[in-house]
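Trainee: Sharing a structure with you now.
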Amino acid sequence: MEKVPMTVRGEQKLRSELDVLLKRRPLISQAIAEARELGDLKENAEYHAAREEQGICEAQIRDIEYKLSVAQIIDVKTMPNTGKVIFGTTITLLDLDTDNEVTYCIVGDDEANIKENLISVNSPIARGLIGKMEGDDVAITTPGGQKEFEIVEVKYI
138 MEKVPMTVRG EQKLRSELDV LLKRRPLISQ AIAEARELGD LKENAEYHAA
188 REEQGICEAQ IRDIEYKLSV AQIIDVKTMP NTGKVIFGTT ITLLDLDTDN
238 EVTYCIVGDD EANIKENLIS VNSPIARGLI GKMEGDDVAI TTPGGQKEFE
288 IVEVKYI
């Protein structure tokens, strides 16, 4: 089974989601039992809704448990900062065309959220940055075309 990289923050987020789902499990079972007492199950909307909710909840629990089982947790805080871009680092880039600075954190596929500047390790920008050093100029092919960046800062936070 191939391990999937995940940050410590990503693991903590999944574990808290799992805790919430595990706490909902008995409530759903109770709702099913109460709906069963109402009588005929063929035309019992409450029963069918509770069963559907149970199915969704169980699927989410299995999904999260699987993700955690194949996760390789990488904590960059425990590594010495060499200035090299690796999984989990936070990188400040200077767009050489527009002089705009942007900061990204390289995370696993499931953690990626561009609105929070969390980019997937498999994204074109991350693939172009991995292995580069602070101060390097990098040309990255993005869906919008070729972009030139300077790596201003690499943080292991």
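All letters in the sequence shown, in the order written, are residues 138 to 294 by the numbering used here.
Yeah, the Cβ is synthetic: ideal placement off N, Cα and C, and Gly gets one too.
Remember, predicted model here, so these are calculated numbers, not experimental data.
Residues in its own chain within less than 6 angstroms of Q197 by CB, not counting five upstream and five downstream?
Mentor: The count along the sequence shown starts at 1 and reaches residue 197 at position 60. So the qualifying residues of the chain are L158.
Trainee: Could you pull the DSSP bridge partners for Y241 from this structure?
Mentor: Along the sequence shown, read from residue 1 onward, the residue named residue 241 stands at position 104. Beta-bridge pairing links Y241 to I228.
Trainee: If we cut at 8 angstroms on Cβ distances, does S153 have a partner in chain C?
Mentor: In summary, chain C is missing from the structure at hand, where a single protein chain is found.
Trainee: Taking 8 angstroms as the cut-off, decide whether the C-beta atoms of G245 and T144 are in contact.
Mentor: For the purposes of this step, residue 245 is taken as residue 108 along the sequence shown, with counting starting at 1. For the purposes of this step, residue 144 is taken as residue 7 along the sequence shown, with counting starting at 1. In this structure, T144 lies closer than 8 angstroms to G245 by Cβ.
Trainee: In chain order, what residues of the same chain lie with their CB nearer than 7 angstroms to the CB of Q283, ignoring the 5 residues before and after it?
Mentor: By 1-based counting over the sequence shown, the position of residue 283 is 146. Around Q283: A276.
Trainee: Considering only DSSP beta bridges, list what G282 is partnered with.
Mentor: The count along the sequence shown starts at 1 and reaches residue 282 at position 145. Paired residue(s): T279.
Trainee: At the level of alpha carbons, what is the spacing between N254 and T240?
Mentor: Numbered from 1 along the sequence shown, position 117 holds the residue referred to as residue 254. Numbered from 1 along the sequence shown, position 103 holds the residue referred to as residue 240. One C-alpha to the other measures close to 7 angstroms.
Trainee: Give the single residue among A263, E139, G265, A208 whose Cα lies nearest to the Cα of Q149.
Mentor: Against the sequence shown, residue 149 aligns to sequence position 12. Residue A208 is the option with its Cα nearest to Q149.
Trainee: What separation, rounded to the nearest whole angstrom, lies between the Cα atoms of I243 and P280?
Mentor: Translated into the one-based positions of the sequence shown, residue 243 becomes position 106. Translated into the one-based positions of the sequence shown, residue 280 becomes position 143. About 18 angstroms.
Trainee: If we count the other Cβ atoms within 10 Å of its Cβ and call it buried at 16 or more, is L151 buried or exposed?
Mentor: Taking the first residue of the sequence shown as 1, we reach residue 151 at position 14. The residue is buried, with at least 16 neighbouring Cβ atoms inside 10 Å.
Trainee: For E238, which residues in the same chain have their Cβ closer than 8 angstroms to its Cβ, ignoring the five residues on either side in sequence?
Mentor: Counted from its first residue, the sequence shown places residue 238 at position 101. So the qualifying residues of the chain are T229, L230, L231, D232, V289.
Trainee: Taking all protein chains shown into account, decide if G268 is buried (16 or more other Cβ within 10 angstroms of its Cβ) or exposed.
Mentor: Here residue 268 is taken as the residue at index 131 of the sequence shown, counted from 1. With fewer than 16 other Cβ atoms within 10 Å, it is exposed.
Trainee: According to DSSP, is S257 part of a helix, a strand, or is it coil?
Mentor: As a working mapping, residue 257 is identified with position 120 in the sequence shown. Here S257 sits in strand by DSSP.
Trainee: What residues match up with N181 in a beta bridge as DSSP calls it?
Mentor: Taking the first residue of the sequence shown as 1, we reach residue 181 at position 44. Per DSSP, none; premise fails for N181.
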